[in-house]
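K.L.:
Here's a structure for you.
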Amino acid sequence: MKKIIRCDWANKSELEQKYHDEEWGIPVHDDKKLFKMLILEGKQAGLSWTTVLSKMETLCEAFDDFDPKIIVKYDDKKIEDLLKNEGVIRNKLKINAVITNAKEYFKLCEEFGSLDKYLWAYVDNKPIRNSWTKIEEVPAKTELSDKISKDLKKRGFKFVGSTIIYAFMQAVGMVNDHLVTCSFYNKSEEKK
Numbered sequence: 126m127k128k129i130i131r132c133d134w135a136n137k138s139e140l141e142q143k144y145h146d147e148e149w150g151i152p153v154h155d156d157k158k159l160f161k162m163l164i165l166e167g168k169q170a171g172l173s174w175t176t177v178l179s180k181m182e183t184l185c186e187a188f189d190d191f192d193p194k195i196i197v198k199y200d201d202k203k204i205e206d207l208l209k210n211e212g213v214i215r216n217k218l219k220i221n222a223v224i225t226n227a228k229e230y231f232k233l234c235e236e237f238g239s240l241d242k243y244l245w246a247y248v249d250n251k252p253i254r255n256s257w258t259k260i261e262e263v264p265a266k267t268e269l270s271d272k273i274s275k276d277l278k279k280r281g282f283k284f285v286g287s288t289i290i291y292a293f294m295q296a297v298g299m300v301n302d303h304l305v306t307c308s309f310y311n312k313s314e315e316k317k
């Protein structure tokens, strides 16, 4: 059996390995999944991705599987319940951002037809394929993530800074940042 080689960051825990092998970098075109990942990347701000992964099940349950149709209806009682839930990231700004982003999501979809069409147009509907050999070469942000971040902020989205957006682009396969030595470098561009 051939040995699996992963990107350096994915070797710390089984949780990270599973995420790396099964999700990270695989192109996502489903609006609900794109919205969910945008929210989760924002939740990561100031934390490790491992923290988010370890809370994933609870986060999905608490936030109604990140369904924007449900989230836009959240009221003060729901926010209060979320702030009391020890299984989620209890940051009021981040919780309010989820609601704000759900509202802005619908405006964006009305204008562009879908979140997928809006986002993937930035990369001409195909992943940017990088050829990094060392993790140190991978940028935290780029001119493109700056541009997307600026536009999303202008539209009213929260927790969408350039670094968050670049991590999101990597996660949803808009950018293939698997190292060239990674067993998943070529597999990552499969449709999800």
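In our numbering, each residue carries its 1-based index in the sequence shown increased by 125.
Glycine residues also receive a C-beta, built at the ideal position from the N, C-alpha and C atoms.
Determine contact between the region 243-255 and the region 282-300, defined as no fewer than three beta-carbon pairs at a distance below 8 Å.
P.N.:
The region 243-255, when compared against the region 282-300, does touch it at the 8 Å Cβ threshold.
K.L.:
Nearest-angstrom Cα distance between Leu277 and Ser270?
P.N.:
For the purposes of this step, residue 277 is taken as the residue at position 152 of the sequence shown. For the purposes of this step, residue 270 is taken as the residue at position 145 of the sequence shown. Between Leu277 and Ser270, the C-alpha separation is close to 10 Å.
K.L.:
Quick check for students: name the residue ranges of the beta strand (DSSP E) that lie wholly in the region 206-250, counting only runs of 3 or more.
P.N.:
Taking only runs of at least 3 residues, no beta strand (DSSP E) segment lies wholly in the region 206-250.
K.L.:
How big is the Cα-Cα spacing for Lys312 and Glu261?
P.N.:
Working through the sequence shown from its first residue, we reach residue 312 at position 187. Working through the sequence shown from its first residue, we reach residue 261 at position 136. Taking the straight line joining both Cα atoms gives about 22 Å.
K.L.:
Would Asn301 be called buried (16 or more neighbouring beta carbons within 10 Å of its own) or exposed?
P.N.:
For the purposes of this step, residue 301 is taken as residue 176 along the sequence shown, with counting starting at 1. It is buried - the Cβ of Asn301 has at least 16 other Cβ atoms within 10 Å.
K.L.:
Below 8 Å, can you find three or more Cβ-Cβ pairs linking the region 175-188 to the region 224-243?
P.N.:
Contact between the region 175-188 and the region 224-243 is absent, because fewer than three Cβ pairs lie under 8 Å.
K.L.:
Contact check, Phe191 vs Phe160 under 8 Å by CB: the rounded distance?
P.N.:
On the sequence shown, residue 191 is found 66 positions in, with the first residue counted as 1. On the sequence shown, residue 160 is found 35 positions in, with the first residue counted as 1. The pair is a contact, with the Cβ atoms about 6 Å apart (cut-off 8 Å).
K.L.:
Ala170 and Phe284 - do their beta-carbons sit closer together than 9 Å?
P.N.:
The residue labelled residue 284 in the question sits at position 159 within the sequence shown. The residue labelled residue 170 in the question sits at position 45 within the sequence shown. Cβ atoms of Phe284 and Ala170: closer than 9 Å.
K.L.:
To the nearest angstrom, how far is the alpha carbon of Lys157 from that of Ser308?
P.N.:
Translated into the one-based positions of the sequence shown, residue 157 becomes position 32. Translated into the one-based positions of the sequence shown, residue 308 becomes position 183. The straight-line gap from Cα to Cα measures roughly 28 Å.
K.L.:
Please classify Ser138: does DSSP put it in a helix, a strand, or coil?
P.N.:
For the purposes of this step, residue 138 is taken as residue 13 along the sequence shown, with counting starting at 1. If DSSP states are grouped into helix, strand and coil, Ser138 belongs with coil.
K.L.:
When we look at the beta-carbon of Phe231 and count the other beta-carbons within 10 Å, is it buried (16 or more) or exposed?
P.N.:
Against the sequence shown, residue 231 aligns to sequence position 106. It counts as exposed.
K.L.:
Given a threshold of 16 other Cβ atoms within 10 Å of its Cβ, counted over all protein chains shown, does Asn320 qualify as buried or as exposed?
P.N.:
No answer is possible for residue 320: the residues shown for the chain start at 126 and end at 317.
K.L.:
Helix, strand or coil for Val263, going by three-state DSSP, please let me know.
P.N.:
As a working mapping, residue 263 is identified with position 138 in the sequence shown. It is coil, neither helix nor strand.
K.L.:
Among residues of its own chain, excluding the 5 on either side of Lys209, which ones have a beta-carbon nearer than 7 Å to its beta-carbon?
P.N.:
As a working note, residue 209 is residue 84 in the sequence shown. Around Lys209: no qualifying Cβ.
K.L.:
Start and end of the alpha helix (DSSP H) containing Cys185?
P.N.:
Numbered from its first residue, the sequence shown carries residue 185 at position 60. First-last of the alpha helix (DSSP H) with Cys185: Met181 to Ala187.
K.L.:
According to the Cβ coordinates, are Ile289 and Glu166 closer than 9 Å?
P.N.:
For the purposes of this step, residue 289 is taken as residue 164 along the sequence shown, with counting starting at 1. For the purposes of this step, residue 166 is taken as residue 41 along the sequence shown, with counting starting at 1. Result yes, Cβ atoms of Ile289 and Glu166 sit closer than 9 Å.
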